[in-house]
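Undergrad: According to the working numbering, the sequence shown is numbered sequentially starting from 304. C-beta atoms are modelled at their ideal positions from N, C-alpha and C, and glycine is treated no differently. One structure follows; several queries about it will come next.
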Amino acid sequence: MWTDEETEDEGTGEGFKDEETLFPKSVDDFGFNSDSSWDGDEADLAVDFDVIKKMSCAERSRMFKLRTNLDQLDSLHKQKEYEVLKAREELKACQLRVAELEKQRVDVEEEISKQEKAENTAALFRLRALQRRLCVELQGEEDLESQIELVLGENEYELCQVEVEQGRFSSLRREVQRDEEESETQRGWEANQRLQKEEAAMRRAELRKQLDRKKQMNSFKEQEVQHRKAVEDAVKNHKKAVRFLKETMSRIHQKETEKELRSREEMERRTQAVLSLKSKITATKENICAMQARDQAKAAVQKEEERRIRESVRREGGDVTKYMYQQKRLQEFERQKQAFEEQKKSRKVEILSKILQEEAQMEKRKKLLPDLFPKMQKSQDFMPESGKPSDKLLQYLEMTYGEADDENYRPNWRSPSPMSEDGGPISGKGSSGPDLSPGSQDYTEDGDSEEEAEESLAQPEFTGLWDQKHKTYKIPQDETRPRPITTNKMEQEILARTLEKHRSGIVRKQVVVGKEFKGCPFYSKPDVIHFKDFEVGKTYKKKIMLTNSTYTINFCKLVGVSEHLRDFIYLHFDPPGLMSAGMACDLGVTFKPMINEDLFGEVTFLAQTGPFAVPLKCTIKKCELAVDSSLIDFGTHVVGETISRTITLSNRGALGTKFNLVTSASSSAVRLTPEPSPLGQPTPRDSPHADVVSEAKGSTMQDSGESCKEQSEGPDHSSETRNHKASKEKCASLSSSEQTPLVPKQQNQDMAVASDLMSTTGSRAELLESSAQELLETSEIKPGEVTEGELKPFGFVKLQIMFTPTIPGEVQMDFDIKFSDPNSQSIPVRVRGVAIDVPVWVSKPNVDLKICMYDRLYQDSIPVHSRVNTAVRATFEVCKELKNHMELLPKSGYIQAQSTFNVQLKFLPRLSLMEDAGGYFDKETGVLEVPMTIHVADQTRPLLFAVHAVVTASDLEFDRKEVDFGHCSIHESVQTSVHLTNKSLLPQEFGFVGIPKYVDVQPNDGFGILLPMETVEIDIIFSAKKAKEYSFELTCKSGINRDFKLSCKAVGVHPPLELSHSLVQFGATAVNDKSTATLYVVNSHASRNEFTHPVPRIGKGEIAPVGPTSFEFVYPEDSDITITPAVGTVLPGKSCLVQVCFRPSLYKQQIQEEAVHMLCRAEETRLLLQDKKEKEATSAKKAEMDAMSKKEPPSASKGKKKQKQASAKQTASEKNTRMCDTPRANSNENRSPFNPPKPGDIPPDSDSFAAAQASLIRSFKGSFKRYIIPCFVASGKSANRNDPGHLQYRLTAKSAFSPPTSPHNTLYLELHCPAVVPPLVVISDHGRSTVNFKEVAAGQTVVKRVTVQNISHEPLELGSTLLDPNGPFMLMNALRPLQPGATHTLLVSFSPAEDKKFYETLEIRTSNMTLCLNLSGIGIYPSVTCSAEGGIMDFGYVLANESSTSVFKLQNTSSIPVNYNLKQDSVSVKKHKDQQGLPSFLTPNKEPQSLVGTQNNSGLSVFCVSPLEGAINPGTSQDITVTFQPDHESLYYSDRLMVEIVNKEVAHVIHLKGSSRIHTMFVDGGDPLDVPIESLADLPAKEDPEGNELVELMKPVLLTLKAACSENTLTPAVRELQVGCIRSTQPLAKKNVEFSLDNLNSLQQKGFNVDPGKGAVDPGQKKSITVTWAPPSGHDMTQPVSISTQLTLKGDVTEIYKLTLLALVSS
């Protein structure tokens, strides 16, 4: 707290300092003397400041902390005192209780002794029990007493400790009190000092106010002079303007008449246009319907034709799918062919238009810069007409593309000016390259193909927004036409040096925090601009992002692209200006190749830290060829076998080629004969599975990747320059060929290269080919069927190599894969293998048993072959780990000479396979791989083969072991779902068998097939037949006859209540309408005899009690269902009627989403209309420009005529050519983006919500909903039947035969609810069905219109319900039948008579639905408050012929607008009637009938009120201005103002009063001496003998003083007179008024004391003269004292008042 106060003090001091600076430092500036009392006050303040010692912040903080601790200690002391007192009181109460118990025990003992003597056994038992109870209570009270004493001692000890602590801090307490007193003294001193400063500031403010007043008076005078001059000027101007007024008014009337005629004609034209448009729209709709019907018929015929073709092909035995696919391919080929022909024609037109464009551009350059083309101009003059390049080009194109229509040859774009943005290769501001043709613009980098234009059969009669083409802005030729500049060599050198100097000044080092930036200033993403696999004639675009990677702000300026790329590369770059570190900008690069060559260059930029460049690469389509393995190792195989391996030849490039697999010319089949080894000894390369060598594959791939990389890398700069020069030379010759598709061209080039190679090699190649063919025929290693073919772009081909050994030993052979692409090198492939000779071998080294199940037997036959000429004995052995699961039969046998022996393999996997197999079995995957051995006699090496299998389980698993259906009513069925999973890797069939009658299994009645690891959902439906406990098992049997059990249990429930209908099907109900169904809840339980009939019970539990039974329907809150009553009670043998109401409606979220969609569509429509207006404005402007151009004089030069003809042709071609729509970027840039609101932000009471609801109702397609409503049942009555609530399911049993009920007695009601579109809807007020009249003043009538429409296809008969005849609502018109699409307007009025809310429903009924109109309104009594206090407005004194204005407010405190009307009695027609009575001074005790007083002599109202009438909105106020303007002197101006509101009710009455003088002085406050009626007499004035001023007659003033006298006390009498000076706007000689009283001494002798006796009054001020009378000594109390004196007022005149003082004493 002390910190805040100190801060406030310091701030206050600074505030005073600032105020002092606003005023002059010297007091003399205000007209005061220097000996003012301010110096003395400041000296006193200084002395006080020295005496008082200011307390520091630390001391004040210490004082507050000590005070806080002392207060806490005091509160602790009080708390301990309270605890001690409380413990003492409890101890005292406990002691009293002990004494009372002792006394009771003594009395009981005496009573016991008496009863023992009387031998009253019953009384003895009672008394002894009472004695024991008293002893126990006494013991407890004694224990409690000891505890309280202990607590009391502890509290007293703690209290003593607190008191000791207080004693220790007594000195600190005194110190704190002393500090607080000092702090309080300091605060008082500071407050006194602040008060003195504020008084000084107030005096300064008063002085400044006086100065401002003087300035204001001077300004008033100046304004008066200016006003007088302005009035004179206005009079003169008015005289001048009167002459022209009539002529001006006549012209205005004439113009208005002409405007009215034009508007009528325009309206007539618009009406005709709308009618014409309507008829055309109708005709267009009919045409569209006819076309759609024709298309449907055509589609049906085509479909029937297709079906007939399918049937015919199927009858002939052909493949229908293949045939239809071939037909579609043929149709597609025809379309492509047609499109190709059209493309050829369009490209022909494109080339021609480009040539014409270039010629036009060259002609413009020649005309603008004739000095630069002297020779060319001269040569062209003598060039024959037939030798023009365009004619030659036309002949070439006709020969190339064939005949075409002349219309297609017309160019479809304009010729750009030489200096326009379209003409240059680089655009610095928004240019995206040259003006490309439509054909070239369709190709982008992403490979978007040209879309086919669909034929539109329905041509609209009027043009839409989609037909209007965007017109780009054309820069005027005057702004873009360059002026010819001639420079010599010296000027060019000076210009080069200047540019170099300028660039050296731009580039400077960037040093931040002492660290210089080095490196590239901008980071490019991507690093290299790479246009890969481009085709000539297409256009490619890329977007590059440049990021500022320097330390601080930098800029980026586009310098250009490499010189040899400027004909192909176009840049789009908007200079971003200064960019902060990390900011990025975009660069658009457009590449249009003209030649089929690789191009390399860079895009150069200039930054603040220096230039930098982004590399640019453009590569053509190439072949990137590779094989997955260049070494094929077949391993070791037996002679006579045939083994094949496959290699993959892939093309990662975009260019296709042809390949040919041939043997290498330098190598043949080489046989490396190994050293002889013993029969059956395996060689080092012997392996059953020969795979590709990974090392060789990796090296080959790396080599091929390096070669491809070397091919893709571009040449150096010199090669780029040579390529650029060559491209320039070949540009003209390749211009026609570059428009054709690239793939056929490249194929032709590939074939040409291949033929060239074959022709150059000659006979040598033929010899090599013949030798290679002979080698392939005799070799053991041969290629497969595919040795040559075509390798497509990004495709691959499988090549097969076969190895058929005939002689034991190692064989090696090299192959080469050659290609037709001259840039692709051949790929070598090396193949090797080893052949061995074994007498016995197995043809199936790997026996695959596929997938096997446990405990199932699987068999297979293994053939063993022998090539020897004698019989051989063989023994078949299984590994010991799998002897219990696998067996080979027979164990041994003889294989005959050169024959085959079949061994039988039996495999029966058991569940112990995982433990027995060991490493041969993978537990995670279930894969079993077992090696088998065949021992052959006289053969050292055994014969090995392997058995493979995947072992899986055959289990079917339920997701749960037991299904509990719970409690099921006998009237219902319970459904539950279980999941059945196939744990096997094989599909299995399943089926549930032996199902009880009360159980149903779905789907497919419990039968089906499970795929591997599949899980299906099985629905089990249980229907209890009677009340008992059910326990059963369901058996699921698999296809291999395995059983899987599922235990089920349920409890059958017979509820005490039942429903008359468990299914309710509503009829089709319209949205916002309702349908009602009726059903009964029946209590048929009237007897508990279970042998005569089934009784209500749960399972085998207790029988439900007979009596009233309650029920409750629980339905979803957000549903369309209402049940009445939801809670009720049914007596035995009775039934209860229940109504179910279905009222379909739309969901709130759906309506909000539709509202958002409608807002978006409205915005889209608005944009379309805006675009249409812009197009119309553009077309009008163009028409105006065309009209202006036609008015030009025909004296133009002959050279311009050709230009006009060319432009006219170009314009005609543009009109005949249909261009694709382009985005209007210029118009979209100025538009702010439309952000649609979120669906949740749309309130339900908004117009958008209502409109969306009406739209959804019209487009409602119908819906069907199904509800299942639970009905809970409980025995007994419900808690409150009148107020429905939740049912109590556990009611208290009334007897032993009525046990508590259970919620298992629940019934279920199924509802089917279809909803349809309503036939009758409201279309007024955005489709709202609620007519809210809101707040209406009582007594008024408001009429609203409600329009309904029949949106069905049938006529509707309308009817309505009756409204309350005594209510405020009334239907004012009758209903009539409505035809389809017709509308009807209802007039509903609301006339409230009371101040309350009204609500009523009007039902509009048809045969199909009922439309409810909710009528609501509020009756309000209007109320208005007035700001005039007491109902009186007193204007005081005002000079005659001047005015005074006052304002009061009328505020509307009600919630409706209020109309008011102000009426004055002075202008009322009843004024004379009210004034016919006696005047008020003759009837003082009677209230006057009229408050109208003195009025102006001129007849004008003395009180002017403005405005007299108007309306006040709710919660607002209206300022009423009252002007008092008297024209003569009177003291009794008055009037009455009445405020009337609705129904002429007077809300307020205001009494208007005022006085007028002809002079500036007045005296007020004396006793009344005249009547309040104006006198017609006028007192004459006389002259003052001392001066020339006029002196009026003396005016009497009576002042009566009454002193109050009590027993011994006399109270002096005090009266006041008011002397005032009226402020005047007229210039006066004397502004203020001086007054003086004569004979003050004589007044004092009579006991009168007057203060002041004289003084001065400023204009607009009053001064009081206080007259006090105290009876002098010796005065007779019963006699009055009377004395007269003169009161003189001097102002503009001198007035003398005779002041008579009358004093008396009253008891």
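Quick check on DSSP: helix, strand or coil for Asp1524?
TA: Only weak support exists for where Asp1524 lies, its pLDDT of 41 falling under 50; the value from the coordinates is given anyway. Coil.
Undergrad: To the nearest angstrom, how far is it from the Cα of Ile1572 to the Cα of Thr1412?
TA: 19 Å
Undergrad: Measuring alpha carbon to alpha carbon, tell me which of Glu1937, Lys1328, Thr1728, Thr551 ends up nearest Ile273.
TA: Residue 273 is absent from the model: the chain starts at 304 and stops at 2010.
Undergrad: On the CB-based measure, 16 or more other CB atoms within 10 Å of its CB, does Thr1644 come out buried or exposed?
TA: exposed
Undergrad: By the 10 Å Cβ neighbour count, where 16 or more other Cβ atoms means buried, how is Ser883 classified, buried or exposed?
TA: Exposed: under 16 other Cβ atoms inside 10 Å.
Undergrad: If we count Cβ pairs, one from each stretch, closer than 8 Å, do we get three or more for the region 1895 to 1905 versus the region 468 to 486?
TA: A contact is defined here as three or more CB-CB pairs under 8 Å, and the region 1895 to 1905 fails this definition with respect to the region 468 to 486.
Undergrad: Inspect the CB distances between the region 1321 to 1337 and the region 1233 to 1247 and report whether three or more fall short of 8 Å.
TA: no
Undergrad: Can you determine whether any heavy atom of the ligand ADP sits closer than 7 Å to the C-beta of Phe1394, and answer yes or no?
TA: Ligands are entirely absent from the displayed structure, and the ligand ADP is therefore not among its contents.
Undergrad: Thinking just about the alpha-carbon of each residue, which of Gly443, Gly1579, Leu928, Asp936 is nearest to the one in Thr951?
TA: Nearest C-alpha to Thr951 among Gly443, Gly1579, Leu928, Asp936: Leu928.
Undergrad: Check Tyr385 in the structure and name its three-state DSSP category.
TA: helix
Undergrad: Roughly how far, in whole angstroms, is the beta-carbon of Gly885 from the beta-carbon of Asn851, given that I think they are within contact range, below 8 Å?
TA: 6 Å
Undergrad: Let's see if you can read the secondary structure: which residues bound the beta strand (DSSP E) around Val941?
TA: 934 to 941
Undergrad: Taking the continuous alpha helix (DSSP H) assigned at Asp515, which residues delimit it?
TA: Counting along the chain, the alpha helix (DSSP H) containing Asp515 begins and ends at 473 to 619.
Undergrad: Output yes or no for whether 8 Å exceeds the beta carbon distance between Val1808 and Leu1714.
TA: It is not a contact, given that the beta carbons lie outside the stated cut-off.
Undergrad: Pull up the CB-CB distance for Gly1868 and Leu1920, whole angstroms please, since I reckon it's below 8 Å.
TA: 4 Å
Undergrad: Enumerated in chain order, which unbroken segments of the alpha helix (DSSP H) with a length of 4 residues or greater are wholly contained in the region 1371 to 1450?
TA: none
Undergrad: Is Ile1343 buried or exposed, if buried means 16 or more other CB atoms sit within 10 Å of its CB?
TA: exposed
Undergrad: On the premise that Thr1991 lies in contact with Ser1939, defined as a C-beta separation below 8 Å, what is that separation, rounded to the nearest angstrom?
TA: 5 Å
Undergrad: Determine contact between the region 1208 to 1216 and the region 1155 to 1163, defined as no fewer than three beta-carbon pairs at a distance below 8 Å.
TA: yes
Undergrad: Between Phe1865 and chain D, is any beta-carbon pair separated by less than 8 Å?
TA: Protein chains in the displayed structure number just one, and chain D is not present.
Undergrad: Give the single residue among Cys888, Asn1149, Ile872, Ile1560 whose Cα lies nearest to the Cα of Pro878.
TA: Cys888
Undergrad: Consult DSSP for Ala2006 and reduce its assignment to one of helix, strand or coil.
TA: strand
Undergrad: What's the C-alpha gap between Phe1224 and Glu1218?
TA: 9 Å
Undergrad: Less than 8 Å between the C-beta atoms of Gln1368 and His1615, yes or no?
TA: yes
Undergrad: Mapping DSSP to helix, strand and coil, what is Leu462?
TA: helix
Undergrad: Looking at the secondary structure, which residues open and close the beta strand (DSSP E) in which Met627 lies?
TA: Per DSSP, Met627 belongs to no beta strand (DSSP E); it is in the alpha helix (DSSP H), 623 to 671.
Undergrad: Pop quiz: Val1805 and Ile1723 are said to be a contact at Cβ under 8 Å. What is the actual Cβ separation, rounded to whole angstroms?
TA: With 8 Å as the limit, Val1805 and Ile1723 do not qualify as a contact, their Cβ atoms being about 37 Å apart.
Undergrad: Are the beta-carbon atoms belonging to Ala2006 and Pro1975 less than 8 Å from one another?
TA: no
Undergrad: Can you name the start and end residues of the beta strand (DSSP E) that Gln1821 belongs to?
TA: 1820 to 1827
Undergrad: Look at the Cβ atom of Phe894, then the Cβ atom of Phe876, and state whether they are nearer than 8 Å.
TA: Remark: C-beta atoms of Phe894 and Phe876 do not approach each other more closely than 8 Å.
Undergrad: Distance check for Ala642 and Thr960, CA to CA, integer angstroms please.
TA: 26 Å
Undergrad: Am I right that Val1143 and Val1175 are in contact with their C-beta atoms under 8 Å? What's the rounded C-beta distance?
TA: 6 Å
Undergrad: If we ignore side chains and look at the alpha-carbon of each, how far apart do Glu468 and Ser449 end up?
TA: 29 Å
Undergrad: In the DSSP assignment, the beta strand (DSSP E) including Gln1278 goes from what residue to what residue?
TA: 1277 to 1285
Undergrad: My output table needs one value for Tyr1333: the three-state DSSP class, helix, strand or coil.
TA: strand
Undergrad: Leu1612: which of Pro1680, Phe903, Leu1681, Leu1382 sits nearest, CA to CA?
TA: Sorting Pro1680, Phe903, Leu1681, Leu1382 by C-alpha distance to the C-alpha of Leu1612 places Leu1382 at the top.
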